[in-house]
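Colleague: Heads up: the first sequence begins at -6 in my numbering, then just goes up one per residue.
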Amino acid sequence: MDQKQQVIDTLSTVLDGELNKDEITNMIEIPKTSDLGDYAFPTFMLAKLRHQAPQQIASDIVDKLDKRAFEKVQATGAYVNFFLNKTNYSANVLQTILTQQDHYGDANVGKGGNVTIDMSSPNIAKPFSMGHLRSTVIGNAIANIITKVGYHPIKINHLGDWGTQFGKLMVAYMKWGNEADVKKDPINTLLKYYVRFHKEAETNPELNDEARLWFKKLEDGDEKATYLWTWFRDESLKEFKRIYEELGIDFDHYTGESFYNDKMQAVVDELKQKHLLEKSRGAEIVNLDKFNLNPALILKSDGATLYITRDLATAIYRHDTFHFVKSLYVVGLEQQEHFKQLKAVLSLMGDEWAKDIQYIGFGLITQNGKKLSTRKGNIVLLENVLQDATKLALKQINEKHPDLPNKEEVAHDVGVGAVIFHDLKNNRLDSFDFNLEEVVRFEGETGPYVQYTNVRAQSILRKANVKHIDPQSALQLSDANAWDILKLLGDYPATVMRANNDYEPSVIAKYALHLSKAFNKYYANSKVLVDDDEKNARLALVESVSIVLQNALALLGVKAPAEM
RNA sequence: GUCACAGUAGCUCAGCUGGAUAGAGCAACGGUCUUCUAAACCGUGGGUCGUGGGUUCGAACCCCACCUGUGACACCA
């Protein structure tokens, strides 16, 4: 970073009067390949100002520059290319990492402010699908990333534990269900009821009326309805918690939709009092024409509340309770409009903190190009995917490393890691088609590839019989093969910031892949464990790579076993 | 129809604020384990960056139009 400043300062002494430092800063770029240097300055703008050929300008600048701080500076075409002093740079970066360890890349832009994160939020009595995995792992990674830059995350699992689907479930249970089946395999059994309900309701629409009636009973506190609801909820939550444990993810709150039942009337009253409600087609709405949005439906024509009514209550509750500096919602892209409406209504209500609500959308997971649908029974169960992945990992371990201790645990870390990493490595806005083979792949740009890279580094450190390299020892490294690694290591703090600014875990995942690739290349070309002047510096490099890879994986919520 | 997101190699995708020959992985073919774990590394082939205009010294990236896909669009969440 201060390396870049040095480039800027050096250039500005020569370009004084033509370009100021800010202009120069904006023009500095990083060449695609390191044989073109580490920083480059294009001269096209100057060519325009000076009415001169850019190539000529580039070589003029090189002639006039003070080149002492750099390994070399040369003109290539229209560019001035700067090559950093490798030995100084390596000593700086490695010393910083070895000193700071896990804290390398930490920042304090958050200043300890609370950030609520609405994430995961599966529906009770429905299986945990790949779709919920996205919200869960993206939300978790964002929580880790914002923690690293100084915020305090509050992870909230906004369970779908209320609504007419419970009426459907109760009707189905009373008609076709029995207690023993539910106890044996709660979610799958409840799912069967749910699917059957929809199938039968197609030919027998009165079932829907019955379901509505039972949901009304639940709302009115009917004993039997409440009993069933509580039972379904408890059984489902038990299963969800098992899955979260497998994923290594926990929550600060499980306050679901039912939690806000008694908090909606206040919202409706406030909207009324502020004259924001109007009658339309029998329903109570908030007109959002001036936001160029569809109206927000607050009350149905029968007086019942709706999705947005509850989310308004939720947002207000979270603000009053947690005094957040940001409130994040990690919810699929198909709900984008809803969150725009939510913010619009809140700002009409005069809640200036509405601007702190940040919707973090992500693309759908489809199967054979179609949306996954619980109703139609076409879903991919996360649990099955995790099991398949773990099984496959164990098979690999048995082939490659049969005498590894704690094989099962490592297989689990690798299998689950593959699934999580697969979900996080692409831009979160992209949707993707579910393909089991793709998800549980262990070669190429995958989680296990990164894990394996760290295992290699760990293995070297074990063989060298050192735990930590002294940060104060000689860390100058001149090996050209190590250069790409050193630059990447130096980029890590900026990478973390970018992931934070964009709420984009894939930035970290891609970084981990790049660093792994660079290290594996180095590993194939240079031997670390040979006794010469730079051995200590090489070990420092290896330890630094391992520190940063482990940190990046931890941000993503992926485990980093020491052996595999 | 309106709005949103997307369209880059056979497939899955990178490409940071516009810049130097558009990059990876998978798949295909070929090479590398007596030497730090081959879940790796190296090489070969493979591209009208959806289409057409425009802005710019320079566009995969910015602007406009169009085409295609997906999703949302009033009493589900």
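Every residue, glycine too, gets a C-beta built ideally from N, C-alpha and C.
All figures in this text were calculated on a predicted structure; none of them were measured in a lab.
1. Would DSSP call Q(-1) helix, strand or coil?
2. DSSP state of E22, grouped into three classes?
3. If we call anything under 7 Å between Cβ atoms a contact, is S558 one with H145?
4. Pairs of beta-carbons, one from the stretch 68 to 87 and one from the stretch 23 to 30, closer than 8 Å: are there three or more?
5. Excluding the five sequence neighbours on either side, which residues of its own chain have a C-beta within less than 8 Å of the C-beta of T359, listed in chain order?
6. With three or more beta-carbon pairs closer than 8 Å as the criterion, would you say the stretch 268 to 282 touches the stretch 334 to 344?
7. In this structure, does DSSP put A440 in helix, strand or coil?
8. Just the C-alpha distance for W476 and S499, rounded to the nearest angstrom, thanks.
9. By a C-beta neighbour count over all protein chains shown, 10 Å radius and 16 as the cutoff for buried, is D526 buried or exposed?
10. Classify G10: buried if its beta carbon has 16 or more other beta carbons within 10 angstroms, exposed otherwise.
11. Which of the three DSSP states, helix, strand or coil, is assigned to I372?
12. Which residue's Cα is closest to the Cα of R127: N81, A517, G356 and L264?
13. Please say whether L470 and S122 have beta carbons closer to each other than 7 Å?
14. Where do the ends of the beta strand (DSSP E) carrying Q351 lie?
15. With K480 as the anchor, note down where its alpha helix (DSSP H) starts and where it stops.
16. When the Cα of S537 is compared with those of D15, L87, G70 and E22, which residue comes out closest?
17. Where does K209 fall in DSSP's three states?
18. Helix, strand or coil for Q543? Go by DSSP, reduced to three states.
19. Rounded to the nearest angstrom, what separates D2 and I540 at their Cα positions?
20. Beta strand (DSSP E) containing L76: first to last residue?
21. By the DSSP assignment, the alpha helix (DSSP H) with E430 in it spans what residues?
22. Hey, out of E193, L200, A194 and Q158, whose CA is closest to L183's CA?
23. Could you pull the DSSP bridge partners for E277 from this structure?
24. Going by DSSP, name the residue or residues bridged to P464.
25. Could you tell me the distance, in whole angstroms, from the CA atom of M(-6) to the CA atom of I501?
26. Under 8 Å by Cβ, that's how I've got K161 and A218 pegged, so tell me the actual separation to the nearest angstrom.
27. Pull up the DSSP beta-bridge partners for K65, would you.
28. In its own chain, which residues sit with a C-beta less than 7 Å from the C-beta of K(-3), not counting the 5 before and 5 after it?
29. Would you please state the rounded distance, in angstroms, between the beta carbons of I149 and D111? I believe it to be under 8 Å.
30. In angstroms, rounded to a whole number, what distance separates the CA positions of V432 and A533?
31. For V323, write down the residues that DSSP places opposite it in a beta bridge.
32. Rounded C-beta distance between G354 and Q329? I'm assuming under 8 Å.
Modeller: This is what the structure holds:
1. helix
2. strand
3. The chain is shown only over -6 to 557; residue 558 falls outside these bounds and no answer can be derived.
4. yes
5. L365, S424, F425, D426 and F427
6. yes
7. Note on residue identity: the sequence assigns Gly, not Ala, to residue 440. Helix.
8. 24 Å
9. exposed
10. exposed
11. I372 sits in coil when the DSSP states are folded into three classes, being neither helix nor strand.
12. Of N81, A517, G356 and L264, the residue nearest in Cα terms is G356.
13. no
14. I350 to I353 is the span of the beta strand (DSSP E), which, as asked, contains Q351.
15. W476 to D495
16. Checking every option, the nearest Cα to that of S537 belongs to L87.
17. Three-state DSSP puts K209 in a helix.
18. helix
19. 32 Å
20. At residue 76 the sequence reads Phe, which differs from the Leu that was named. Where F76 is concerned, the enclosing beta strand (DSSP E) stretches over Y72 to F76.
21. E430 -> alpha helix (DSSP H) spans L429 to V432.
22. Q158
23. K272 and L292
24. BP columns for P464 are empty, so no partner.
25. Residue placement at M(-6) is flagged as unreliable, the pLDDT there being 46, under the threshold of 50; the coordinate-derived value follows with that caveat. Distance between the alpha carbons of M(-6) and I501: 19 Å.
26. That belief does not hold up - the Cβ atoms of K161 and A218 are roughly 12 Å apart, past 8 Å.
27. F76
28. I21 and Y32
29. 5 Å
30. 34 Å
31. I353
32. 5 Å
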